[in-house]
Amino acid sequence: MAKGIGEGKTILARVQDLMSENIASVSPETSIKETAQMMADSKTSSVLVVEQQELKGIITERDIVGRVVAGGYRMTSHQG
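Numbering that gives the first Met the number 0 puts the first residue of the sequence shown at 0, with every later residue one more than the last.
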(Lines of atoms letter the chains of each structure in order from A and count residues from 1; the text may use other names and numbers.)
(Lines give C-alpha, C1' and ligand atoms only; values in the text may rest on other atoms or scores of the structure.)
Protein backbone atom coordinates (compact mmCIF):
# COMPACT_ATOMS: atom_id res chain seq x y z
CA MET A 1 0.00 0.00 0.00
CA ALA A 2 1.16 3.50 -0.76
CA LYS A 3 0.81 6.63 1.33
CA GLY A 4 -0.54 9.87 -0.11
CA ILE A 5 2.02 12.65 -0.18
CA GLY A 6 1.61 14.57 3.07
CA GLU A 7 -1.83 13.06 3.58
CA GLY A 8 -1.25 10.18 5.95
CA LYS A 9 -4.04 8.34 4.14
CA THR A 10 -3.58 5.00 2.44
CA ILE A 11 -4.21 4.99 -1.31
CA LEU A 12 -5.42 1.75 -2.82
CA ALA A 13 -4.97 1.80 -6.57
CA ARG A 14 -5.35 -1.15 -8.88
CA VAL A 15 -3.90 -1.60 -12.34
CA GLN A 16 -7.38 -1.36 -13.84
CA ASP A 17 -7.75 2.10 -12.26
CA LEU A 18 -4.68 3.42 -14.10
CA MET A 19 -4.47 1.39 -17.30
CA SER A 20 -5.33 2.69 -20.73
CA GLU A 21 -8.07 0.90 -22.61
CA ASN A 22 -7.01 2.29 -26.00
CA ILE A 23 -4.15 0.00 -26.94
CA ALA A 24 -1.59 1.13 -29.51
CA SER A 25 0.10 -1.68 -31.40
CA VAL A 26 2.46 -2.18 -34.33
CA SER A 27 3.88 -5.13 -36.23
CA PRO A 28 7.58 -6.04 -35.97
CA GLU A 29 8.05 -4.63 -39.50
CA THR A 30 6.77 -1.14 -38.60
CA SER A 31 9.47 1.51 -38.85
CA ILE A 32 10.71 3.26 -35.72
CA LYS A 33 9.64 6.59 -37.24
CA GLU A 34 6.05 5.35 -37.74
CA THR A 35 6.04 3.93 -34.22
CA ALA A 36 7.31 7.20 -32.70
CA GLN A 37 4.66 9.13 -34.66
CA MET A 38 1.95 6.77 -33.39
CA MET A 39 3.16 7.34 -29.81
CA ALA A 40 3.00 11.11 -30.30
CA ASP A 41 -0.44 10.97 -31.93
CA SER A 42 -1.80 8.62 -29.24
CA LYS A 43 -0.07 10.49 -26.40
CA THR A 44 1.37 7.25 -25.09
CA SER A 45 4.88 6.26 -24.08
CA SER A 46 4.70 2.62 -25.16
CA VAL A 47 3.35 0.49 -27.97
CA LEU A 48 2.73 -3.25 -28.07
CA VAL A 49 4.42 -5.25 -30.84
CA VAL A 50 1.95 -7.81 -32.20
CA GLU A 51 2.30 -10.40 -34.96
CA GLN A 52 -0.62 -12.59 -36.03
CA GLN A 53 -2.55 -11.61 -32.90
CA GLU A 54 0.33 -12.75 -30.65
CA LEU A 55 2.15 -10.34 -28.36
CA LYS A 56 5.82 -10.31 -29.34
CA GLY A 57 7.00 -7.43 -27.15
CA ILE A 58 6.72 -3.78 -26.25
CA ILE A 59 8.62 -0.72 -27.43
CA THR A 60 8.85 2.37 -25.24
CA GLU A 61 10.02 5.96 -25.57
CA ARG A 62 13.06 4.91 -23.55
CA ASP A 63 13.86 2.19 -26.11
CA ILE A 64 13.68 4.71 -28.94
CA VAL A 65 15.82 7.31 -27.19
CA GLY A 66 18.33 4.93 -25.61
CA ARG A 67 18.78 2.42 -28.40
CA VAL A 68 17.85 4.23 -31.60
CA VAL A 69 18.64 7.91 -31.19
CA ALA A 70 21.64 7.52 -28.88
CA GLY A 71 22.84 4.49 -30.86
CA GLY A 72 22.88 6.42 -34.11
CA TYR A 73 20.38 4.21 -35.95
CA ARG A 74 18.32 5.58 -38.81
CA MET A 75 14.64 5.69 -37.97
CA THR A 76 13.35 4.96 -41.49
CA SER A 77 14.98 1.68 -42.48
CA HIS A 78 15.53 -1.77 -41.05
CA GLN A 79 18.93 -2.59 -39.62
CA GLY A 80 19.92 -6.08 -38.66
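By construction, the Cβ of each residue, glycine as well, lies at the ideal position given by its N, Cα and C atoms.
Assigned secondary structure, residue i (DSSP; H/G/I helix, E/B strand, else coil)
i, result
"E53", "strand"
"L17", "helix"
"I22", "coil"
"S41", "helix"
Cβ-Cβ distance between residue i and residue j below 9 Å
i, j, result
"V48", "I57", "yes"
"E50", "P27", "yes"
"I31", "Y72", "yes"
"T34", "I63", "yes"
Rounded C-alpha distance that separates residue i from residue j
i, j, result
"E13", "E20", "Note that residue 13 is Arg in the sequence shown here, rather than Glu. C-alpha separation (whole angstroms): 14 Å."
"Q36", "L11", "34 Å"
"K55", "A39", "22 Å"
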